[in-house]
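Last residue of the sequence shown: 246 in this note's numbering, with the numbers rising by one and none dropped.
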Amino acid sequence: MMTDLAIVNIGTVISGDYENPLVAGADTILASDGVITAVGRRQDLEAEVNAAAVTVDAVGTTVAPGLIDSHCHVVLGDYTPRQKTVDFLASYVHGGITSVVSPGEIHAQGRPHDAVGVKALAIAAMSCFRNFHPGGMTVHAGAVVLEPSLTKQDFADLQSAGVRLAKFGFGLYEDPADGYDQVRWAKEHGIKVMCHSGGASIPGSKPITPDHLLYLAPHVCGHINGGPTSLDAAGVDKIIDETEMALQLVQAGNLQSSLRILHKVH
-19 MMTDLAIVNI GTVISGDYEN PLVAGADTIL ASDGVITAVG RRQDLEAEVN AAAVTVDAVG
41 TTVAPGLIDS HCHVVLGDYT PRQKTVDFLA SYVHGGITSV VSPGEIHAQG RPHDAVGVKA
101 LAIAAMSCFR NFHPGGMTVH AGAVVLEPSL TKQDFADLQS AGVRLAKFGF GLYEDPADGY
161 DQVRWAKEHG IKVMCHSGGA SIPGSKPITP DHLLYLAPHV CGHINGGPTS LDAAGVDKII
221 DETEMALQLV QAGNLQSSLR ILHKVH
């Protein structure tokens, strides 16, 4: 295979594996057709480097995988009506964020709550971002916002359309516990459910308590350290000790809570 790109004279290569964060001895990366084909020492890859169409001298800098933001409320296109900001995703790439995951397109103006509209928004966002990569970014969009209007058949429809993500916490539920059926149906149809946790974040939403989370049993406890308000220490401990939920920590949450959670789980 012809090597399209060789990056040489790298100071440090970060692996992306937090248990083994550095690629020992590596100073060269080869790529073809946009895919990394080799990481290692130049002396072992000299022939491929010499044959590369393009060679980049990293002049001793660090090379790392792109970062993933697992909580980015996209809507459609590279615009968010929440902050009235244009090109925020392409700009994000310049900070090293190359992939984002949507926890629901909740900032869509006039966001629907009826089942047909809810499904349509999720499918449209998923489909659009499959074809649109702002600044080269991969956007995992189309997280269906769980609503009381959704039936079990609606989740079969979403699964058939390829929707794989769901968000609980912004539907028109009188009590968050009323979302039990929708969370179950989503999980039964292979849709990964993230649940809001802590204080309410937008008008019309409700706080989600540790007891709600234990009852609903989503796959992911969203922003457990605050989004905007963290669960209290006892609530955090209950989620860690009594559930198998993935814990999402966010940069914009409560720093004290973040540090406590990291200390507890490690």
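Beta carbons are placed, not taken as given, at the ideal position from N, Cα and C, and that holds for glycine.
Is the stretch 128 to 136 close to the stretch 177 to 184, with three or more CB pairs under 8 Å?
no
Residues that DSSP places opposite Ala11 in a beta bridge:
Taking the sequence shown and counting its residues from 1, one reaches residue 11 at position 31. Bridge partners of Ala11: Leu(-15), Ile16.
Going by DSSP, what residue range makes up the alpha helix (DSSP H) through Ile182?
Translated into positions along the sequence shown, residue 182 becomes position 202. Counting along the chain, Ile182 falls outside any alpha helix (DSSP H), and DSSP gives it neither H nor E.
Figure out for me which residue from Ala31, Ala44, Gly20 has the closest Cα to the Cα of Ala6.
If you number the sequence shown from 1, residue 6 lands on position 26. When only C-alpha atoms are compared, the closest one is Gly20.
Output needed for Ala213: all residues of its chain with C-beta closer than 7 Å, excluding positions within five of it in sequence on either side, in chain order.
Against the sequence shown, residue 213 aligns to sequence position 233. If we look at Ala213 and ignore the five residues flanking it on each side, its Cβ neighbours are Arg240.
Distance, Ala141 Cα to Val96 Cα:
The residue given as residue 96 occupies position 116 in the sequence shown. The residue given as residue 141 occupies position 161 in the sequence shown. The straight-line gap from Cα to Cα measures roughly 13 Å.
How would you label Pro190, buried or exposed, when you count the other beta carbons within 10 angstroms and need 16 or more for buried?
As a first step, residue 190 must be located in the sequence shown, where it is residue number 210. Buried is the call here.
Could you give the distance in angstroms between the alpha-carbon of Val230 and the alpha-carbon of Thr8?
Within the sequence shown, residue 230 is the residue found at index 250, counting from 1. Within the sequence shown, residue 8 is the residue found at index 28, counting from 1. Cα-Cα distance, rounded: 33 Å.
Specify whether the stretch 112 to 122 and the stretch 153 to 161 touch according to this definition: at least 3 beta carbon pairs, one from each stretch, less than 8 Å apart.
no
Pick helix, strand or coil for His74, following the three-state DSSP scheme.
As a first step, residue 74 must be located in the sequence shown, where it is residue number 94. Reduced to three states, the DSSP call for His74 is coil.
Beta-carbon within less than 8 Å of Val(-12)'s beta-carbon, same chain only, minus the 5 sequence neighbours each way: which residues are those?
Position 8 of the sequence shown, counted from the first residue, corresponds to residue -12. Excluding sequence neighbours, Val(-12) sits near Asp7, Thr8, Arg22, Val29, Thr35, Val36, Asp37, Ala38.
From the DSSP secondary-structure annotation, give me the bridge partner or partners of Cys201.
Within the sequence shown, numbered from 1, the residue matching residue 201 stands at position 221. The partner list for Cys201 (beta bridge, DSSP) reads Cys175, Leu227.
What residue from Gln236, Ala88, Gly57, Asp24 has the CA that sits closest to Phe150's CA?
Sequence index remark: in the sequence shown, residue 150 carries index 170 (1-based). Ranking the options by Cα distance to Phe150, first place goes to Ala88.
Please state the DSSP three-state secondary structure of Val55.
Along the sequence shown, read from residue 1 onward, the residue named residue 55 stands at position 75. Coil, per DSSP.
If I measure Cβ to Cβ from Lys132 and keep anything under 6 Å in the same chain, skipping five residues before and after, which residues do I get?
Counting from one through the sequence shown, the residue named residue 132 turns up at place 152. Excluding sequence neighbours, Lys132 sits near Trp165.
Relative to the alpha-carbon of Leu145, which residue among Gly233, Val80, Gly215 has its alpha-carbon at the smallest distance?
Taking the sequence shown and counting its residues from 1, one reaches residue 145 at position 165. Among Gly233, Val80, Gly215, the Cα nearest to that of Leu145 is on Val80.
Cα separation between Asn0 and Pro208?
By 1-based counting over the sequence shown, the position of residue 0 is 20. By 1-based counting over the sequence shown, the position of residue 208 is 228. Using only the alpha carbons, I get a separation of about 32 Å.
The beta strand (DSSP E) spanning Leu47 covers which residue range?
The residue you call residue 47 lines up with position 67 of the sequence shown. Unbroken beta strand (DSSP E) run through Leu47: 47 to 49.
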